[in-house]
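Chains as they are written, first to last, in my numbering: chain A, 505 to 829; chain B, 44 to 391.
Quick reminder that beta carbons are idealized off the backbone N, C-alpha and C, glycines included.
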């Protein structure tokens, strides 16, 4: 099997699900003839036709709202936000309508909203966001953030088959930088299960998406330069959080760093650290720490973006602090 | 009896029976709301109470234009449309009183409930949101080649929202079988229509979406039926959405607590003279489409049905607190963990 990229893995997942289930269809801006600005949906229009690959007006509320209505009726829509930053335009529909539908009204809304998130690509304030914290606070939604090609495919397929609405935040920095050989046949990554990306004994880095790769790089350096053994836990799903996997790793290493690309205040790391405090405080040999972006909108210039976003050096420094505590 | 009536020609291809049914649905709507007012004063309605007094004809006539299998989504003043589609007074009473046996088991308010099998999808409070959602339902009809139609209500206020615009534009572009009913009742809470839009009429917006717009007297149940029916037929024939403006008036406040201090003197009285139920009743009798006895029968039937519904639910319990937790997700079906509040650290 040839290696496929993270981006190709998403496309393959969409393709296979559309082949498997005629209820699956796509809607979004420029996803048909263009294949989306990153070409995630390239070739799908030709294969599945205009009725199942719907180019919409620039209307995120219509995309999400129409998907919800179609999902109520038994279809399986997959919405694309051209850049995930624009999911904010559909915030009301997602949080007030979609997320509450099952609980308040017994309505099934099996739908996926996916799109390119994340920085390190000189995208500036509106093409670089990580919106997970804005939705973590909404019961009724699920949130997945794959770091690998295998999970990109496995999670998009799991998301499409899920009975509840799933936000699939793919990372555009990883689109063509990450590849791997995937096994033949169905690749499914169960929603709600973290993955140990690297085994370690001295401390744990809990993270997801692009920072998984930075954490792995930091772990290599710490092993080499300090003789410190770092475990990297790739959460993969943020909602629902895999508390058991976090607790297992913390009990093993007794030191934990939670790292994310998004800004610090109100970020997902705060929730994770709170849970660690509640669930396994006695197992900690050092305070749980965070590494996150500085609390500013993400700037464009390379010098500014690199300064604001967490880098490998930041992770290494925080791990050294924890190891020495 | 009917053989001896001197009858005017029947309007809009409606039968005598149907004309009397329209009267029944409007009468049921109003009487049910009157019962709710009494319950509200007794403190039995635990939240707000929203009236559709004077607007019964637009909700009832438009919903009556749909077939079984069609789906509508009402707004807060479209109780009548839900009744026509099969929602029962018992369900509505239970909803308002937050009873365990209400359609949402006490989770949602008033007429925020749904049954897609009967053909109504409950609204949410964010105005305009149901337009894109109903566009999606219409999209599903089209994609699965079913000759079904969606109908969504908006008000003069909801038409100012972005969701309305995005939803109707999407439906127009995709030529979806969707009818958008604008119930223009003059006010969005306290804000008059002239502060919502600079357009002379709300149907003026239709050409901007490339769809037909038609306007009718919202206080004439036959007109609301007929106008909507044409839009429904057009939608079912694959000709896409229509914007229907039904001009009416909100005679009560936004909710029972609203004293309407912002309404100019005399305005409400003027619309009282144009009451849709009085108008239809008078027309039934004067045109010989129904006898006085038939009309009285309908009125008695409505009150008896409401007596019965109320007797069934008045003493029902509120939901058990433990029922608040399950059902946020299909999987896991169980409740979210509650150890945060019990202070028992789970064995993770």
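{"Item": "Taking all protein chains shown into account, decide if residue 151 of chain B is buried (16 or more other Cβ within 10 angstroms of its Cβ) or exposed.", "Value": "buried"}
{"Item": "Quick check: the stretch 571-579 of chain A against the stretch 612-621 of chain A, are at least 3 beta-carbon pairs closer than 8 Å?", "Value": "yes"}
{"Item": "Measuring alpha carbon to alpha carbon, tell me which of B/186, B/371 and B/288 ends up nearest residue 530 of chain A.", "Value": "B/186"}
{"Item": "So which residues on chain B does residue 608 of chain A lean against when the C-beta distance must stay under 7 Å?", "Value": "147, 150 and 151"}
{"Item": "Let's see if you can read the secondary structure: which residues bound the beta strand (DSSP E) around residue 741 of chain A?", "Value": "741-743"}
{"Item": "With a threshold of 8 Å between beta carbons, is residue 560 of chain A in contact with chain B?", "Value": "yes"}
{"Item": "Start and end of the alpha helix (DSSP H) containing residue 321 of chain B?", "Value": "319-329"}
{"Item": "If distances are taken between C-alpha atoms only, which option among A/542, A/544 and A/583 comes closest to residue 558 of chain A?", "Value": "A/583"}
{"Item": "What would DSSP say about residue 736 of chain A, mapped onto helix, strand or coil?", "Value": "strand"}
{"Item": "Could you compute how far the alpha carbon of residue 64 of chain B sits from the alpha carbon of residue 301 of chain B?", "Value": "32 Å"}
{"Item": "Can you check DSSP and say which residues form a bridge with residue 194 of chain B?", "Value": "B/115 and B/222"}
{"Item": "Using a C-beta to C-beta distance shorter than 8 Å, which residues of chain A count as neighbours of residue 212 of chain B?", "Value": "561, 563 and 566"}
{"Item": "Check the C-beta distance from residue 195 of chain B over to residue 221 of chain B and give it rounded, since I have them as a contact under 8 Å.", "Value": "7 Å"}
{"Item": "Determine, using beta carbons only, whether residue 719 of chain A and residue 709 of chain A come nearer to each other than 8 Å.", "Value": "yes"}
{"Item": "Can you tell me whether residue 520 of chain A is helix, strand or coil according to DSSP?", "Value": "helix"}
{"Item": "Spatial neighbours of residue 99 of chain B within its chain, please: C-beta separation below 7 Å, excluding the five flanking residues on both sides.", "Value": "69, 72, 73, 123, 319 and 320"}
{"Item": "Over the uninterrupted alpha helix (DSSP H) stretch that includes residue 175 of chain B, give me the two end residues.", "Value": "173-186"}
{"Item": "Apart from the five residues just before and just after residue 110 of chain B, which ones in its own chain have a Cβ nearer than 6 Å to its Cβ?", "Value": "none"}
{"Item": "Mind listing which residues of the stretch 581-601 of chain A have their C-beta closer than 7 Å to chain B's C-betas, in chain order?", "Value": "596, 597, 600 and 601"}
{"Item": "Since residue 87 of chain B is in the alpha helix (DSSP H), which residue starts that stretch and which ends it?", "Value": "Where residue 87 of chain B is concerned, there is no enclosing alpha helix (DSSP H), given that its DSSP letter is neither H nor E."}
{"Item": "Give the secondary structure of residue 793 of chain A by DSSP, where H, G and I count as helix, E and B as strand, and everything else as coil.", "Value": "strand"}
{"Item": "Excluding sequence positions up to five away, which residues of its chain have a Cβ less than 7 Å from the Cβ of residue 37 of chain B?", "Value": "As displayed, chain B neither begins before 44 nor continues past 391, which places residue 37 of chain B out of reach and without an answer."}
{"Item": "By the three-class DSSP mapping on this structure, what secondary structure does residue 256 of chain B have?", "Value": "strand"}
{"Item": "Could you check where the alpha helix (DSSP H) with residue 776 of chain A kicks off and where it finishes?", "Value": "772-784"}
{"Item": "Using a beta-carbon distance below 8 Å, is residue 576 of chain A in contact with chain B?", "Value": "yes"}
{"Item": "Starting from residue 660 of chain A, follow the alpha helix (DSSP H) in both directions and report where the run begins and ends.", "Value": "653-665"}
{"Item": "Which partner residues of residue 230 of chain B appear in the DSSP bridge assignment?", "Value": "B/235"}
{"Item": "Any residues in the stretch 189-216 of chain B with a beta carbon nearer than 7 Å to a beta carbon of chain A? Which ones, in chain order?", "Value": "205, 206, 209, 210, 212, 213 and 216"}
{"Item": "How should residue 505 of chain A be labelled, buried or exposed, when 16 other C-beta atoms within 10 angstroms of its C-beta is the threshold for buried?", "Value": "exposed"}
{"Item": "Could you pull out every residue in the same chain whose Cβ sits closer than 7 Å to the Cβ of residue 56 of chain B, ignoring the five residues on either side in sequence?", "Value": "none"}
{"Item": "How about residue 117 of chain B and residue 156 of chain B: do their beta carbons lie closer than 8 Å?", "Value": "no"}
{"Item": "Work out the CA separation of residue 81 of chain B and residue 349 of chain B for me, nearest whole Å.", "Value": "13 Å"}
{"Item": "Would you mind sorting residue 798 of chain A into buried or exposed? The rule is 16 or more other CB atoms within 10 Å of its CB.", "Value": "exposed"}
{"Item": "Could you pull the start and end residues of the alpha helix (DSSP H) that residue 550 of chain A belongs to?", "Value": "548-552"}
{"Item": "Cutting at 7 Å between CB atoms, please list the residues of its own chain near residue 637 of chain A, excluding the five before and the five after it.", "Value": "766, 770, 771 and 772"}
{"Item": "Classify residue 800 of chain A: buried if its beta carbon has 16 or more other beta carbons within 10 angstroms, exposed otherwise.", "Value": "exposed"}
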